[in-house]
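Chemist:
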Amino acid sequence: MENLFITLFEKAMKNPLMNASGTLGYGKEITKLWSIKTLGAYVTKGLSIRPHHGNPPPRIWEEKEGMINSIGLQNIGIERFFSEYFPFFKRNRVPIIVNFFGFTEEEYVACARKIEPHPLIIGLEMNLSCPNIQKGGISFGKEAGSVYEIIKKVKAVTTIPVIAKLTPEVKNIIEVSRAAYEAGADGLTLINTMPALAVDAKTKRVSIQGGFSGPSLKPIALKAVYSVSKEVPLPIIGVGGIMDYTDAIAFLMAGATAVQVGTATFIDPYTIPRIIQGIKGYMKACKMTSITQITGCVHE
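First residue of the sequence shown? That's 4 in my numbering, and the numbers climb one at a time after it.
1) State buried or exposed for Ala159, treating a residue as buried only when at least 16 other CB atoms are found within 10 Å of its CB.
2) Please classify Asn175: is it buried, with 16 or more other beta-carbons within 10 angstroms of its beta-carbon, or exposed?
3) Spatial neighbours of Ile279 within its chain, please: C-beta separation below 6 Å, excluding the five flanking residues on both sides.
4) Got a sec, what are the start and stop residues for the beta strand (DSSP E) Ala167 sits in?
5) Give the DSSP-derived three-state secondary structure of Met4 in the structure shown.
6) At a cut of 8 Å, does the stretch 21 to 35 reach the stretch 257 to 269 through at least three beta carbon pairs?
7) Considering Cα atoms alone, identify which of Lys168, Ala257, Pro54 is closest to Lys145.
8) Hey, Gly241 and Ala257: beta-carbon distance below 9 Å or not?
9) Quick one: grab the DSSP three-state call for Tyr45.
10) From Asn95 to Cys114, what distance separates their C-alpha atoms?
11) Can you check DSSP and say which residues form a bridge with Glu128?
12) Quick one: what's got a C-beta closer than 8 Å to Thr274's C-beta in the same chain, skipping five residues either side?
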């Protein structure tokens, strides 16, 4: 029997599969197709201390090898999520990771302080790709010093494990990851989307600017997971371009403890259940009994 169970921050997960933040709405939307209990853990849409309206359309732009999104972090806010949607996860006993963000350090701290510990909350995933409006819009996650300072402040106000979701738009991802570790981060999510732009030749205008995701991002994300896992002693959640079970296995082999799937669900909403079955089939063919036999094996 293939055992996909993993432990993350001393919390049990039935498998290492999660959705990427913002790709399954608030969780209920997918239940017409498959059970939310399929997931090892659900990752919330990015939540802020107050509701945020996001960007005007167009918000999604399809490219040949990926997708650009410019949702603009639209969300209903932390308070409404926990009053209206968290009961759904409690009824189904599904673990969650709460993705959150702010436009100032104070907003990050306020978000973390607002979220109360619960047995189903595995961790708080800090979206550090957000623009810091106090520093001219530069991303919080671009500089090791900024990453260290903001994680240190968030860790001071919560007992829930903190996961730093890092941008690939840095000179040295290992240096930034190490700063997160030294500040007290409990884990890392590698990587967020890449900044991108599309131009419409017909209108001769910029169509959209936003974050690029999809299969073209996979080699970049894999390199980040592989390199950081060798240098920084933290569990890593791998994300970026996972389209099928072989992609998911590659991230686990490169050093990820768990993986997140995002863009693939826009192409085929059944991708996550199929990946889980694919991993089971791979393990059976290789006569493996535990998913931990895969984790980090390429380092050996």
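C-beta: ideal position from N, C-alpha, C; glycine also. Fair warning: this is a prediction, and the values are worked out from it, not measured in the lab.
Modeler: Walking through what the data contain:
1) exposed
2) exposed
3) Asn18, Leu20
4) 165 to 169
5) coil
6) yes
7) Lys168
8) yes
9) strand
10) 25 Å
11) Asn102, Ile166
12) Met246, Asp247, Val264, Ala267, Thr268
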